[in-house]
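**Student:**
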Amino acid sequence: MNNKKIIYYQDELNDEFSDAKIEPRQIDENYKYIHKNLVWNFCAYIVQQFLSLPIKFGYSKFKFNLKIIGKEKLKPYKKQGYFIYGNHTQSFGDTFFISNCLYPKRNFIIVNPENVSMKGLKNLVQMLGAISIPTKRSGMNNFLNTITKRIKQGNSITIFPEAHIWPYYTKIRPFKSVSFKYPVDLNVPVFCATNTYQKGKNNKIKIVMYIDGPFFPDTRLEPRQRKEELRNKVYETMCKQSKNSNYEYIKYIKKQPKSSNV
Numbered sequence: 000m001n002n003k004k005i006i007y008y009q010d011e012l013n014d015e016f017s018d019a020k021i022e023p024r025q026i027d028e029n030y031k032y033i034h035k036n037l038v039w040n041f042c043a044y045i046v047q048q049f050l051s052l053p054i055k056f057g058y059s060k061f062k063f064n065l066k067i068i069g070k071e072k073l074k075p076y077k078k079q080g081y082f083i084y085g086n087h088t089q090s091f092g093d094t095f096f097i098s099n100c101l102y103p104k105r106n107f108i109i110v111n112p113e114n115v116s117m118k119g120l121k122n123l124v125q126m127l128g129a130i131s132i133p134t135k136r137s138g139m140n141n142f143l144n145t146i147t148k149r150i151k152q153g154n155s156i157t158i159f160p161e162a163h164i165w166p167y168y169t170k171i172r173p174f175k176s177v178s179f180k181y182p183v184d185l186n187v188p189v190f191c192a193t194n195t196y197q198k199g200k201n202n203k204i205k206i207v208m209y210i211d212g213p214f215f216p217d218t219r220l221e222p223r224q225r226k227e228e229l230r231n232k233v234y235e236t237m238c239k240q241s242k243n244s245n246y247e248y249i250k251y252i253k254k255q256p257k258s259s260n261v
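Counted from 1, the sequence shown has number 251 at position 252 by numbering that gives the first Met the number 0; the numbering is strictly sequential.
#1: Between the Cα of S176 and those of R219, I210, R225 and K62, spot the shortest distance and give me the residue it belongs to.
#2: Which residue's Cα is closest to the Cα of W264: G85, T145, I146 and K31?
#3: Quick one: what does DSSP say K145 is sitting in, helix, strand or coil?
#4: Using alpha carbons as the reference points, say which of I150, R219 and Y246 lies closest to G199.
#5: For G199, which of helix, strand or coil comes out of DSSP?
#6: Please look up how many angstroms separate the CB atoms of F96 and L65, rounded, as I've assumed it's under 8 Å.
#7: Counting pairs of beta carbons, one from the region 199-209 and one from the region 39-46, are three or more of them closer than 8 Å?
#8: Would you mind working out which of M117, I210 and K31 sits nearest E22, comparing C-alpha positions?
#9: Could you give the uninterrupted runs of the alpha helix (DSSP H) lying entirely in the region 54-141, keeping only those of 4 residues or more?
#10: Would DSSP call S176 helix, strand or coil?
#11: Suppose you measure from the CA of V183 to the CA of I5; what does that come to, to the nearest Å?
#12: Take Y196 and list the residues in its own chain whose beta-carbon comes closer than 7 Å to its own, dropping the five residues that flank it on each side.
#13: In the DSSP output, which residue or residues are listed as bridge partners for V189?
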């Protein structure tokens with residue numbers, strides 16, 4: 000099978016291959032995470048739960064013929080808030096796939112500030128469920144309070160712990176445990192959604208998503224250990240499921256360090 004493109008990488012944790020180059024806005028204590036305006040909230044609900052559905056389902060079906068395996072694992076928790084972690088290999092498709100899987104549960108997504116910094120689209124992106132990471136420490140309390148509120152409302156929150164987009168990457172990159180602080184602090188279930196790239200009909204790419212969980216923080220451990228242990232469970236599960244990929248649309252090759260002549 001011929002690869003259409005080769006990407007050379009150096010750092011699995013920090014390299015970014017998204018085409019979008021956006022100047023991030025300032026997310027501080029003045030950034031409005033929770034809107035009290037009833038009209039805004041009504042519009043957000045309609046946009047997120049109804050108007051965006053045809054686009055999400057249509058894109059998932061006709062572009063990637065998305066198939067979801069393990070969706071039944073979510074059913075016992077349909078009235079409870081939880082976190083779901085996914086690999087990050089599509090710019091906006093990743094959020095579509097997971098939202099489709101969780102519907103009708105309202106799904107929010109923790110995003111980088113760039114996602115809520117696009118001119119003319121800031122409100123729309125937030126209405127679709129984006130919760131931006133602060134750019135300043137002063138915004139952290141509002142950020143954490145928003146996460147707590149959304150979970151207590153019985154919603155789901157999606158996190159992409161790899162942080163950076165590697166289009167069509169078929170493995171799981173190492174990721175830190177920092178984002179597992181949220182389910183540990185709130186003591187709520189965790190699921191993971193692993194997108195794999197498989198060969199479909201007529202050599203087209205087909206995405207098969209595997210849902211696994213629930214995973215729970217181990218309360219016998221210290222908070223820091225709970226976070227690490229939860230991260231390891233999710234990472235190992237995603238690595239195992241990623242082996243189901245059998246279609247490499249883009250080949251990733253690690254750059255070799257230059258040898259120094261003595």
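Yeah, the Cβ is synthetic: ideal placement off N, Cα and C, and Gly gets one too.
**Tutor:** Reading from the atomic positions:
#1: What you label residue 176 is simply residue 177 of the sequence shown in a count that begins at 1. When only C-alpha atoms are compared, the closest one is R225.
#2: Outside the displayed span of the chain (0 to 261) sits residue 264, for which this structure offers no information.
#3: Translated into positions along the sequence shown, residue 145 becomes position 146. As written in the sequence, residue 145 is Thr, which differs from the Lys given in the question. Three-state result, T145: helix.
#4: For the purposes of this step, residue 199 is identified with residue 200 of the sequence shown, where counting begins at 1. Looking at the Cα atoms, Y246 is the closest of the given residues.
#5: Reading the sequence shown from its first residue, position 200 is the one you call residue 199. Reduced to three states, the DSSP call for G199 is coil.
#6: What you label residue 96 is simply residue 97 of the sequence shown in a count that begins at 1. What you label residue 65 is simply residue 66 of the sequence shown in a count that begins at 1. Contact between F96 and L65 holds, since their C-beta atoms are separated by about 6 Å, short of 8 Å.
#7: No, the region 199-209 does not touch the region 39-46.
#8: The count along the sequence shown starts at 1 and reaches residue 22 at position 23. Of all alpha-carbon atoms in M117, I210 and K31, the one lying nearest the alpha-carbon of E22 is that of M117.
#9: Listed in chain order, they are 92-101 and 121-126.
#10: Residue numbering aside, residue 176 sits at position 177 when the sequence shown is read from its first letter. Coil, per DSSP.
#11: Translated into positions along the sequence shown, residue 183 becomes position 184. Translated into positions along the sequence shown, residue 5 becomes position 6. Approximately 39 Å, taken between the alpha carbons.
#12: By 1-based counting over the sequence shown, the position of residue 196 is 197. Excluding sequence neighbours, Y196 sits near Y167, T169, I204, I206, S244, Y246 and Y248.
#13: Taking the sequence shown and counting its residues from 1, one reaches residue 189 at position 190. According to DSSP, V189 bridges with F82 and F214.
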